[in-house]
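Protein chains in written order, with my numbering: chain E, 1 to 482; chain G, 1001 to 1482.
All C-beta atoms, glycine included, are put in the ideal place defined by N, C-alpha and C.
All of these numbers come straight from a predicted model, not from anything done at the bench.
Number of protein chains: 2
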Amino acid sequence: MTETTEQTPHHRHLEHARAQVIELLSRQALELDLLSRSENRKQDVVAQLVARQHQAALSQRLLNFHPADIAFVFESLSPEAREMAWTLVRPERRGAVLLEVSDAVRRSLVGNMQPEEISAVVRTLDSDDIADLVSSLPDEQRQAVLEHVDRADQAEVRAVLSFPDDSVGAMMDLDFIAVREDATLEAVHRLLRRKKPLPAHTNELIVVDRNNALRGVLPLDKLLFEEPETEVGAVMLTQPTYFFTDDRDRDAVDAFEKYDLISAPVVNLHKQVVGRITVDTVIDELNARAQSENLRQVGLSEEDEDLFAPPARSARKRWPWVALNLATAFASSRVIDAFEPVIAQLVALATLMPIVASIGGNTGNQTMALVIRGLALNQMGPQQLRTMLVRELAIAGINGTVWGAALAAVTFGLYRDWKLAAVIGSAMLLELLLAATAGLIIPVMLKRFGRDPIMGSSVMLTATTDSMGFFIFLGLASMVLM
Amino acid sequence: MTETTEQTPHHRHLEHARAQVIELLSRQALELDLLSRSENRKQDVVAQLVARQHQAALSQRLLNFHPADIAFVFESLSPEAREMAWTLVRPERRGAVLLEVSDAVRRSLVGNMQPEEISAVVRTLDSDDIADLVSSLPDEQRQAVLEHVDRADQAEVRAVLSFPDDSVGAMMDLDFIAVREDATLEAVHRLLRRKKPLPAHTNELIVVDRNNALRGVLPLDKLLFEEPETEVGAVMLTQPTYFFTDDRDRDAVDAFEKYDLISAPVVNLHKQVVGRITVDTVIDELNARAQSENLRQVGLSEEDEDLFAPPARSARKRWPWVALNLATAFASSRVIDAFEPVIAQLVALATLMPIVASIGGNTGNQTMALVIRGLALNQMGPQQLRTMLVRELAIAGINGTVWGAALAAVTFGLYRDWKLAAVIGSAMLLELLLAATAGLIIPVMLKRFGRDPIMGSSVMLTATTDSMGFFIFLGLASMVLM
């Protein structure tokens, strides 16, 4: 958790300052690189002195940045400049910076760290932060970090790591303050004074019974407004929103969004409090979700996040996707092949067929976007699915008729062949109806079979609309025109 | 603002309860509909009695729901059931529910409300909530609501409405507590007691000078821990993150994410405090952004949000998109047309050409997703653009060579024509290089010309990769094979 007391000037100045530092660091990394290749010893000494002065100045500027802004700078630097800049970050802030950078940058930074540096970083972090940190590292790096964690903390870190990635347990914060319901507010006040500063995002204390089971929550402002001799139980909220460690993380995110929460207790199966979820984690989760969604739709993973990862590795990462795409494109191509004699007789068919397929792909994607959104909002029961199918078919019917007629008119204008015009117009109508159906069925089926309804949905849809588009158009043509 | 003290049972029970209520409401709307068409008067009376009993029970269950859950139920209901269910929501909670439902549902609910009902709803809301409420309404509905707002509030509502949609001013909350820096903590404490309950998400008080200009913020826990006679100025944070009313909303969202804020002051050009941003608004904004992004990518707007909007209207909304798609598909089709003589000689070309175009579209979309993400994160300076272009071209080169060779091999297997195989292999390599370039240039150009880099980017990309794919493949074929 980073402190909110860091200097955070207005973002307009900040953007400027960040850009400057990135520029300076990049230039300096280049200079150092040239220096290391230079032959002239004497010139070296002077240049190194100058470089060292620059570094001191830069280090001072980085000092004033919030860890999140340092992370931003690091993500914009080339690997060489990044490595040099890392030495300018003060050791006690490195942990906070590591928590803020993207997974790919984090891996490259940790990979270059010496054991004693790792140990220094780990000492500044809470056990749930350590768990966050190592959860995105490859196994050998993970081991290297865990070795330097205290025995007591290690148990906690391993406990957090043992929860599945998409569970509330994996996103919870272990740092919370619990009080008993028979305590007086005055006693609670004394307890807080001993514990200050309070853990970040402590808007309420968690109230437990003698078995540590959740009883309620006590908003901090009760301490300000109620009489000191009042018992906690008398003024606490008895029905707080809470989560089990094995709830899905997206349920927690949804609840925070709906109920405008700042923090909420997390309990185990015996309803004993084991941690809490705070709103900053929820925001990070929402962001990560939105970003990974856009990349997943085109078959990319967070691996590609680092601009400076070697292209050969990224190229290989995209192979399954290229292979799948080639296979489906070949399948569509076989559909066309089946109609070769028809095309040989009327080459205009080859010219027109991609139009039908392309429209199908695009309108199918529209239906699919609506369905995926509905699935994400849990609003796709059998009743709604039926309503939606009817609705999308109606839209496809209207647009297929109107724009199919337009397409037919243009085709007639070009080829003076009313049969050909009729074929392409009807093909468009049929294709739109089919695309709407496919756009609805594909994500629903993926979800029903327990798969991610987004991942690859677009490839499957395009494969369907392409091959069916060619089949409908060329099939109609061979019936009507031959 | 909804109170967080509402009953919020664990979400597993809640999901079940919500589904039950949706089911019951839907069934009852059907029954009422049948009843209204029935001829038998006597049967009517009995049935109506039963229906009224059901309604009372349902009303009681809705009573226990949080407004956000009532909103969820409403979004899942058909318009008829929705209208009936609205009468079951108690008048004093209708404002809170209206704030939570989607824009489309809100329009339909407000559209059915009587003037006195609107006036009752408006009385329960703060002026910034009223501004939120009406900002998504069509003009005539907006006027109908504003008429019922108090004169004093009206000025505030109009002030908030006057800020551009994507500015901090439009998302700010007018309800905050300001204190002077020379006040003692004891005096502040007395002030708070008079003001309680505190506005939601008050984790800190805003400190101002006599001109109401921002001086700092006072975290609430200072009131708990510091001595009562201390002056505010001595313990306040002097460099809080703050925003100007004309800052872009996404800057505020980014700052909340980076600095883990719960609330932050908003100032006018004279640095006078006029409101604040709270984390719940930020979360709503993040959600709205993620959802609208997915829809915008396929050319849809939030208009299509309501499953039950008339299909004819939604169909028309999609027309510009269909028209654009038809136009670009026609353009690609003209490219093919230019090569008709070549295709007439070798029909296999017609069979194979969609493969090249399809691969180009998909890989171009991958590059584009990475660029759009980089633009969103502000990490696409000239330096990074160059790095990214080189990197994506390298990836395209590797994949084009490897998979181009594979495609050539399969083509040779099918057609026993090594020239044709060489043509399709090289066409794939060239197409991938071109797709990577287009995927990078298109969103960057859209952004440079001040347009939304997402909206329609996918259509433009596919139009480019399709026509260029056909051109490269057929062009190479006409040179090599003819």
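Note to self: Using a Cβ-Cβ cutoff of less than 8 Å, which residues in the same chain neighbour G:Val1122 once the five nearest sequence positions on both sides are dropped?
What the structure shows: Along the second sequence, read from residue 1 onward, the residue named residue 1122 of chain G stands at position 122. Result list for G:Val1122: Gly1095, Ile1130, Val1145, His1148, Val1149, in chain order.
Next item on the list: Kindly indicate if chain G contains any beta-carbon less than 7 Å away from that of E:Arg27.
Entry: Your numbering for residue 27 of chain E matches position 27 in the first sequence. Output row for E:Arg27: interface = no.
Note to self: For G:Lys1195, would you say it is in contact with chain E, using Cβ-to-Cβ distances shorter than 7 Å as the test?
What the structure shows: What you label residue 1195 of chain G is simply residue 195 of the second sequence in a count that begins at 1. For G:Lys1195, no Cβ of chain E is located within less than 7 Å of the residue's own Cβ.
Check: Is E:Ser136 helix, strand or coil by DSSP?
Finding: Taking the first sequence and counting its residues from 1, the one referred to as residue 136 of chain E is at position 136. The DSSP-derived three-state label of E:Ser136 is coil.
Check: Roughly how many angstroms lie between the CA atoms of G:Ala1017 and E:Ala369, to the nearest whole one?
Finding: Residue numbering aside, residue 1017 of chain G sits at position 17 when the second sequence is read from its first letter. Residue numbering aside, residue 369 of chain E sits at position 369 when the first sequence is read from its first letter. Answer to the nearest angstrom: the Cα atoms are 28 Å apart.
Check: Taking the alpha carbon of E:Ala327 as the point to measure from, which residue in G:Leu1300, G:Val1273, G:Gly1404 has its own alpha carbon closest?
Finding: One-based indexing of the first sequence puts residue 327 of chain E at position 327. Taking only the C-alpha atoms, the option nearest E:Ala327 is G:Gly1404.
Next item on the list: State yes or no: is the beta carbon of E:Ile398 nearer than 7 Å to at least one beta carbon in chain G?
Entry: As a first step, residue 398 of chain E must be located in the first sequence, where it is residue number 398. For E:Ile398, the nearest CB of chain G lies under 7 Å from its own CB, placing it at the interface with that chain.
Checklist line | Minimum Cβ-Cβ distance from G:Val1279 to chain E less than 7 Å | finding: Here residue 1279 of chain G refers to the residue found at position 279 when the second sequence is read from its first residue. Using a CB distance cut-off of 7 Å, G:Val1279 counts as an interface residue toward chain E.
Notebook entry, point to check: Taking all protein chains shown into account, do 16 or more other C-beta atoms lie within 10 angstroms of the C-beta of G:Leu1300, making it buried, or fewer, making it exposed?
Noted result: If you number the second sequence from 1, residue 1300 of chain G lands on position 300. So G:Leu1300 counts as buried.
Check: Between the region 284-293 of chain E and the region 1279-1294 of chain G, do at least 3 Cβ pairs fall closer than 8 Å?
Finding: Result yes; three or more Cβ-Cβ pairs closer than 8 Å.
Next item on the list: Can you say whether E:Met353 is buried or exposed, counting buried as having 16 or more other CB atoms within 10 angstroms of its CB?
Entry: For the purposes of this step, residue 353 of chain E is taken as the residue at position 353 of the first sequence. Residue burial is scored here from C-beta neighbours: E:Met353 has at least 16 other C-beta atoms within 10 angstroms and is therefore classed as buried.
Next item on the list: Return the residue from the list E:Met428, E:Phe65, E:Pro265, E:Ser458 that minimises the CA-CA distance to E:Leu476.
Entry: As a first step, residue 476 of chain E is located in the first sequence; it is residue number 476 there, counting from the start. The shortest Cα separation from E:Leu476 among E:Met428, E:Phe65, E:Pro265, E:Ser458 belongs to E:Met428.
Notebook entry, point to check: Given a limit of 9 Å on CB to CB distance, which residues of the region 381-393 of chain E reach chain G?
Noted result: Here the close residues are Gly381, Gln383, Gln384, Thr387, Met388, Val390, Arg391, Glu392, Leu393.
Next item on the list: State the Cα-Cα distance for the pair E:Asp165 and E:Asp452, rounded to the nearest angstrom.
Entry: Along the first sequence, read from residue 1 onward, the residue named residue 165 of chain E stands at position 165. Along the first sequence, read from residue 1 onward, the residue named residue 452 of chain E stands at position 452. The straight-line gap separating the alpha-carbon atoms of E:Asp165 and E:Asp452 is approximately 15 Å.
Notebook entry, point to check: To which residues of the same chain is E:Thr464 closer than 7 Å at the C-beta, ignoring the five residues directly before and after it?
Noted result: As a working note, residue 464 of chain E is residue 464 in the first sequence. Counting only Cβ-Cβ distances below 7 Å, and skipping sequence neighbours, we find Ala438.
Note to self: Cutting at 7 Å between CB atoms, please list the residues of its own chain near E:Leu58, excluding the five before and the five after it.
What the structure shows: Walking along the first sequence from the start, residue 58 of chain E turns up at place 58. Short of 7 Å from the beta carbon of E:Leu58, and not among the five residues preceding or following it, lie these beta carbons of its own chain, in chain order: Val21, Leu24, Leu25, Leu88.
Check: Which same chain residues, not among the five before or five after G:Thr1004, have their C-beta less than 8 Å away from its C-beta?
Finding: Position 4 of the second sequence, counting from 1, holds the residue named residue 1004 of chain G. Any reading at G:Thr1004 must be qualified, since the residue scores a pLDDT of 38, below 50, and its modelled position is unreliable; the value itself is stated next. Residues Ala1200 of the same chain have their beta carbon placed closer than 8 Å to that of G:Thr1004, with the five preceding and five following residues left out of the count.
Item checked: Whole-angstrom distance between G:Pro1079 and G:Asn1399, CA atom to CA atom -> The sequence position of residue 1399 of chain G within the second sequence is 399, counting from 1. The sequence position of residue 1079 of chain G within the second sequence is 79, counting from 1. In a straight line, the C-alpha of G:Asn1399 is about 52 Å away from that of G:Pro1079.
Item checked: Cβ neighbours of G:Glu1204 in the same chain (closer than 7 Å, five flanking residues each side left out) -> Within the second sequence, the letter at position 204 stands for residue 1204 of chain G. Once the five neighbours on either side are set aside, the close Cβ partners of G:Glu1204 are Val1217, Leu1218, Pro1219, Leu1220, Ser1263.
Item checked: E:Gly374, buried or exposed, once every other Cβ within 10 Å from all chains shown has been counted against 16 -> Reading the first sequence from its first residue, position 374 is the one you call residue 374 of chain E. By the Cβ neighbour-count rule, E:Gly374 is buried, with 16 or more other Cβ atoms within 10 Å of its own.
Note to self: Let me confirm a value: G:His1011 is counted as buried when at least 16 other C-beta atoms fall within 10 Å, else exposed. Which label applies?
What the structure shows: For the purposes of this step, residue 1011 of chain G is identified with residue 11 of the second sequence, where counting begins at 1. Result: buried.
Next item on the list: Spatial neighbours of E:Val207 within its chain, please: CB distance less than 8 Å, with the 5 preceding and 5 following residues excluded, ordered by chain position.
Entry: In the first sequence, the residue the question calls residue 207 of chain E occupies position 207. Closer than 8 Å at the Cβ level, and outside the excluded window around E:Val207, lie Ala178, Val179, Arg180, Glu181, Leu214, Arg215, Gly216, Val217, Leu218, Val232, Gly233, Met236.
Next item on the list: In the DSSP assignment, find the alpha helix (DSSP H) that holds E:Ile283 and state where it starts and stops.
Entry: Against the first sequence, residue 283 of chain E aligns to sequence position 283. Note, E:Ile283: alpha helix (DSSP H), 279-297.
Notebook entry, point to check: At a Cβ threshold of 7 Å, is G:Lys1271 touching chain E?
Noted result: Locating residue 1271 of chain G in the second sequence gives position 271, where the first residue counts as 1. No, G:Lys1271 does not count as interfacial toward chain E.
Notebook entry, point to check: Could you give the distance in angstroms between the alpha-carbon of G:Ala1309 and the alpha-carbon of G:Arg1082?
Noted result: Indexing the second sequence from 1 puts residue 1309 of chain G at position 309. Indexing the second sequence from 1 puts residue 1082 of chain G at position 82. One C-alpha to the other measures close to 13 Å.
Next item on the list: Could you say which of E:Phe176, E:Glu340, E:Ala350, E:Arg313 lies nearest to E:Val274 if we only look at CA atoms?
Entry: Here the question's residue 274 of chain E lines up with position 274 in the first sequence. Of the listed residues, the one whose Cα sits closest to E:Val274 is E:Phe176.
Checklist line | Straight-line Cα distance separating E:Pro443 from E:Ser467 | finding: Taking the first sequence and counting its residues from 1, one reaches residue 467 of chain E at position 467. Taking the first sequence and counting its residues from 1, one reaches residue 443 of chain E at position 443. If I take the Cα positions, the gap works out to 19 Å.
Check: Using the beta-carbon count (16 or more within 10 Å), is E:Asp246 buried or exposed?
Finding: Counting from one through the first sequence, the residue named residue 246 of chain E turns up at place 246. Result: exposed.
Notebook entry, point to check: Which chain E residues are close to G:Asp1205, counting only those with a beta carbon under 9 Å from its beta carbon?
Noted result: The residue you call residue 1205 of chain G lines up with position 205 of the second sequence. According to the sequence displayed, residue 1205 of chain G carries Leu and not Asp. Within chain E, no residue comes near G:Leu1205; the closest Cβ sits about 11 Å away, beyond 9 Å.
Margin query: Give me the subset of the region 1072-1091 of chain G whose CB atoms are less than 7 Å from a CB atom of chain E, sorted by chain position.
Written below: Residues of the region 1072-1091 of chain G that bring their beta carbon within less than 7 Å of a beta carbon in chain E comprise Glu1075, Ser1076, in sequence order.
Next item on the list: Mind checking the region 323-345 of chain E against chain G and listing, in chain order, the residues whose C-beta falls within less than 7 Å of any C-beta there?
Entry: Result list: Asn325, Leu326, Ala329, Phe330, Ser332, Ser333, Ile336, Asp337, Glu340, Ile343, Ala344.
Notebook entry, point to check: Hey, G:Leu1481 and G:Val1423 are a contact pair by Cβ (cut 8 Å); roughly how many whole angstroms apart?
Noted result: Mapped onto the second sequence, residue 1481 of chain G falls at position 481. Mapped onto the second sequence, residue 1423 of chain G falls at position 423. Contact flag correct, Cβ pair sits at about 7 Å.
Item checked: G:Glu1229 classed as buried or exposed, judged by whether at least 16 other C-beta atoms fall within 10 angstroms -> As a working note, residue 1229 of chain G is residue 229 in the second sequence. When all chains shown are included, G:Glu1229 counts as exposed.
Note to self: Along the region 1407-1431 of chain G, where does the CB come closer than 8 Å to a CB of chain E? Name the residues.
What the structure shows: If the cut-off is 8 Å between Cβ atoms, the region 1407-1431 of chain G has Leu1407, Val1410 near chain E.
Check: What residues in its chain sit with their C-beta under 7 Å from that of E:Leu14, if we drop five residues either side in the sequence?
Finding: Residue numbering aside, residue 14 of chain E sits at position 14 when the first sequence is read from its first letter. Only Asp69 meet the Cβ criterion.
Notebook entry, point to check: Could you check where the alpha helix (DSSP H) with G:Gly1413 kicks off and where it finishes?
Noted result: For the purposes of this step, residue 1413 of chain G is taken as residue 413 along the second sequence, with counting starting at 1. G:Gly1413 -> alpha helix (DSSP H) spans 1382-1415.
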